[in-house]
DNA sequence: TTTGATTGATTGATCGTTCAATTAAAAATA
DNA sequence: TATTTTTAATTGAACGATCAATCAATCAAA
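Chains as they are written, first to last, in our numbering: chain B, 1 to 211; chain E, 1001 to 1211.
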């Protein structure tokens, strides 16, 4: 029963269905027919609105990137100290709604697939560069530039690592535990680099009781 | 020109070709024909030795897991203090030969694909559990169990995160930088948790100069 | 009547898999 | 040694299934 103005709704539900289908079937085995059925439409309609399977998948990835970016931007708008901005970025990366099994599965698939798809690769690189840039900027309040860059890269790595390891776990995602892990890293790095800078000889854990 | 005793050599070169093909074509688009051509044999031979495409891919994943495990085991055999064992595990995860573009691409693909393949999932989980267990055990020399478990999980996350971020970079892999990043995390965590345990009030970086 | 939404059958290409046929090394036999 | 037999290696053509993509036809709101 065709009503007019269906396009926006259909695009939305097809993209949502794509995320779920990737979760259930795996990126490689997902078919247009399955996605369409899950969205409650025919396979032909998916092509009508997205042109091709590749474009539907690309649109889905852009959607996830956009949602994640929006969440972080919203949190940053409320954060008024460098330390609060760091926490905003970290928490934004584990926001419920993003940090869900199906979304994690899709992200992982896109990461893998982007390696051989220049357009996807470009998008992920831009997002990643902005993340590291934001982190570096906030960290500059606590650390000299070289250290800030190192810790920013480390923070980004740990965020991605927590995501990828989530994909293998069976227990439901635990955003709070994830945030704690990354916050611990940032906090410890700030304190340690500061201690080093304040002239103390670099402490070594090597002196720990041997085996 | 059939010589006898080709099986071992053919299996080896087909697995190597699979890694390269995943690197070049992407996991989803890889075909038996491409892999076989890269290995210098016909498509039929791949089926003769591996039975099916799925089994060839599974064998390739097992091969990568085995190689990585062997490298770490060799390093652990030379490490005689808990701290050295931590470093052995970390360095083993970034050994040249493993930490290469093609291998990274394959790992990423297997991680993604394992989500919908119970057999692959099981293998990755076992490997991951052993990694965390080894880390926890060595960290127990420096930290109480709950902290050791937390830091072990953090270390594993950062290792995986560095791997996945490698997949998006264009510069060649830099094992030393990767190792430094993870070592910094472990070192800082040990020092920080120790400071906390020694009765000092938990230091806060919040006092840093504001924006 | 026009227009956008929607379908489902069809097409064409791709690819995993199978298999009968071929090759040449090794083993057995003369 | 020469000849035959056996056996493993290897190929490439053929089959069958799966899909992405197309398109003509239908439907109902404007």
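By construction, the Cβ of each residue, glycine as well, lies at the ideal position given by its N, Cα and C atoms.
Cβ-Cβ separation between residue 101(B) and residue 71(B): approximately 18 Å, too far for a contact (criterion under 8 Å). Against chain E, the CB of residue 122(B) has no partner CB under 8 Å away; the residue lies outside that interface. Taking C-beta separations shorter than 7 Å and ignoring five residues to either side along the sequence, the partners of residue 19(B) in its chain run 60, 102, 103 and 106, following chain order.
With contacts defined as CB atoms closer than 8 Å, residue 1058(E) and residue 1112(E) fail to qualify as a contacting pair.
Residue 1098(E) counts as buried, since no fewer than 16 other beta carbons sit within 10 angstroms of its beta carbon. Residue 151(B) sits away from residue 181(B), with the two beta carbons spaced by 8 Å or more. Per DSSP, the continuous alpha helix (DSSP H) segment holding residue 120(B) begins and ends at 118-139. For residue 1080(E), the three-state secondary structure derived from DSSP is coil. With respect to residue 155(B), residue 135(B) sits close: the two C-beta atoms are nearer than 8 Å. A Cβ-Cβ distance of about 17 Å is found for the pair residue 65(B) and residue 14(B), leaving them out of contact under the 8 Å criterion. With a threshold of 8 Å between beta carbons, residue 1165(E) makes contact with chain B. With fewer than 16 other Cβ atoms from the protein chains shown falling within 10 Å of its own Cβ, residue 1048(E) counts as exposed. Secondary structure of residue 38(B) (DSSP, three-state): helix. Along the segment 150-165 of chain B, going in chain order, the ones with a CB nearer than 9 Å to a CB of chain E are 150, 151, 153, 154, 156, 157, 158, 159, 160, 161, 162, 163, 164 and 165. For residue 1100(E), the secondary structure class from DSSP, reduced to helix, strand or coil, is coil.
Interface residue (Cβ-Cβ distance to chain E less than 8 Å): residue 76(B) is not classified as such. Residue state for residue 191(B) is assigned as helix, using DSSP reduced to three classes. Interface annotation, residue 1125(E): in contact with chain B, CB-CB separation under 8 Å. In this structure residue 186(B) touches residue 86(B) by the C-beta definition: roughly 6 Å separates them, less than 8 Å. When DSSP states are grouped into helix, strand and coil, residue 1058(E) belongs to the helix group.
Pairing residue 189(B) with residue 146(B), the inter-Cα distance amounts to about 13 Å. DSSP places residue 161(B) in the uninterrupted alpha helix (DSSP H) bounded by 145-166.
Taking the C-beta atoms as reference points, residue 1091(E) is found nearer than 8 Å to residue 1179(E).
The beta-carbon distance between residue 157(B) and residue 1158(E), rounded to whole angstroms, is 6 Å. This is short enough to meet the 8 Å contact definition.
In the DSSP annotation of this structure, residue 174(B) is not part of any alpha helix (DSSP H), being labelled neither H nor E. For residue 1027(E), the three-state secondary structure derived from DSSP is coil. For residue 1043(E), the closest alpha carbon among the candidates 1051(E), 1053(E), 1176(E) and 1032(E) is that of 1032(E).
In the structure shown, residue 1032(E) falls within a helical segment according to DSSP collapsed to helix, strand and coil. Cβ neighbours of residue 1021(E) within its own chain (closer than 7 Å, five residues either side excluded): 1030, 1034, 1035 and 1038. In the DSSP annotation of this structure, the continuous segment of the alpha helix (DSSP H) that includes residue 50(B) starts and ends at 43-50. The alpha carbon of residue 1141(E) has as its nearest neighbour, out of 1194(E), 1175(E) and 1171(E), the alpha carbon of 1194(E).
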